[in-house]
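Peer 1:
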Amino acid sequence: MVCQTTVNKVIEFGGRGLHTGSSVRVRILPSEENSGICFVRKDLKGAPVIPATVENVVDTCYATTIGVGSARVATVEHLMAAFYALGVDNAVVEVWGPELPILDGSAGMFVEFIERAGTRRQNAPRKIVVVTRPVRIKEGGRFVALLPPEGYGGLKIDYRMDFYYSYLESQSISIRLTPMEFKKSLSRAKTFGFLNDVEMLRENGLARGGGLDNAIVIGEENIINREIMRYEDEFVRHKVLDLIGDLALLGIRLCARVEGYRAGHYLNYRLAKKFLKKRDCWEELTAEGRLPEGLPALVLEEGFLSA
Ligand SMILES: [Zn+2]
8 MVCQTTVNKV IEFGGRGLHT GSSVRVRILP SEENSGICFV RKDLKGAPVI PATVENVVDT
68 CYATTIGVGS ARVATVEHLM AAFYALGVDN AVVEVWGPEL PILDGSAGMF VEFIERAGTR
128 RQNAPRKIVV VTRPVRIKEG GRFVALLPPE GYGGLKIDYR MDFYYSYLES QSISIRLTPM
188 EFKKSLSRAK TFGFLNDVEM LRENGLARGG GLDNAIVIGE ENIINREIMR YEDEFVRHKV
248 LDLIGDLALL GIRLCARVEG YRAGHYLNYR LAKKFLKKRD CWEELTAEGR LPEGLPALVL
308 EEGFLSA
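According to the numbering used here, the sequence shown is numbered sequentially starting from 8.
1. Beta-carbon within less than 7 Å of Gly21's beta-carbon, same chain only, minus the 5 sequence neighbours each way: which residues are those?
2. Hey, Tyr273 and Thr82: beta-carbon distance below 9 Å or not?
3. To which residues of the same chain is Val95 closer than 7 Å at the C-beta, ignoring the five residues directly before and after it?
4. In three-state terms, what does DSSP make of Gly100?
5. Quick check on Ala54: buried or exposed, where buried means 16 or more other Cβ atoms within 10 Å of its Cβ?
6. Going along the chain, which residues of its own chain have a beta-carbon closer than 7 Å to the beta-carbon of Leu256, five neighbours each way excluded?
7. Tell me Leu168's beta-bridge partners as DSSP assigns them.
8. Looking at the strands, I want to know which residues DSSP matches up with Pro132.
9. So, do the stretch 259-268 and the stretch 165-173 have three or more beta carbon pairs nearer to each other than 8 Å?
10. What number of angstroms, rounded off, separates the C-alpha of Ile144 from the C-alpha of Thr72?
11. Could you give the C-beta distance for Ala70 and Leu36, rounded to a whole number, given that I count them as a contact under 8 Å?
12. Nearer than 8 Å: is that true of the beta carbon of Asp249 relative to any heavy atom of ligand 1?
13. Is Glu266 near ligand 1 - that is, is its Cβ less than 8 Å away from at least one heavy atom of it?
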């Protein structure tokens, strides 16, 4: 049986939010089996709880925001991606502000924090779902799709990016998600934005915490702060990081192939929502980790499914 896990001890950190620019304190605590990832707005009266689910997504503009009632937490995707990739199923994330800190713009520090705390195996089985029929979202030439796996028990992601500016070449990546691969190839890829958008966002009171060290800024003729880049093809890597974080809101472990082309938080969210509705497109593994009758055998990647 593949069991659920939680963090082994309390994790504490702080930093500025990308959009509000204000300082935010965060505490991550171990939590019970089957509780999933839950955010708690500790700075608000009554400390409202916001479960990190697809149903609770309230905004996908520039970041993924979840909320219940008037309580919200923005920019949850990088932490959610780290939880998913390192196999953390259950945790309480206490936040003293409306947004998670952007830190260095990647999920690198979240990985470090989780690894330092360690993870603890629990008794309940993980909910593992195998995609059996394609689920696709397309819009204006962009797309993202969940497809049946090709003999592999985790997530295999193929992603491509093209850019409007001719000085930027298209970027593509094909990756089998394991904790190691996430750490090495995706977790350190930084947030990026376009200079035009940054100026517009600032005028509208957003992107206040986005300095030139935590977001790569793409100008019309060149990359403004190339010196902070960590990979030549960092943009497509960050897109995949965001995609993993958005799909993590499904609250399940996916056995699937994912294809994406220039998608973003909005399309990722719509894909997750459609997937939940399309009950005939996926099957859940039994508690013993067996596939339902009639499905081809999968190589269940131990490192991925039981990290
Ligand atoms: Zn991102």
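Here a beta-carbon is modelled for each residue, glycine too, at the ideal position from N, C-alpha and C. All of these numbers come straight from a predicted model, not from anything done at the bench.
Peer 2: Working from what's here:
1. Closer than 7 Å at Cβ, skipping near neighbours: Ser30, Val31, Arg32, Val33 and Pro108.
2. Inclusion of Tyr273 and Thr82 in the CB contact set at 9 Å is not warranted, their separation being larger than that value.
3. Taken in chain order, the residues that qualify are Thr12, Thr13, Val14, Ile121 and Thr126.
4. Looking at the sequence shown, residue 100 is not Gly but Val. DSSP, read as helix, strand or coil, puts Val100 in strand.
5. Flag for Ala54 reads exposed.
6. If we look at Leu256 and ignore the five residues flanking it on each side, its Cβ neighbours are Ala59, Thr60, Val61, Val64, Met87 and Ala279.
7. Before going on, a small fix: residue 168 reads as Met here, not Leu. Answer by DSSP bridge pairing, in chain order: Gln178.
8. DSSP, once it has assigned bridges, lists Cys10 as partnering Pro132.
9. Judged by Cβ distances under 8 Å, the stretch 259-268 makes contact with the stretch 165-173, as three or more pairs qualify.
10. Looking at the two C-alpha atoms, the distance is approximately 20 Å.
11. About 23 Å; that fails the 8 Å criterion.
12. Relative to the non-hydrogen atoms of ligand 1, the Cβ of Asp249 comes within a distance shorter than 8 Å of at least one.
13. No, the beta carbon of Glu266 sits no closer than 8 Å to any heavy atom of ligand 1.
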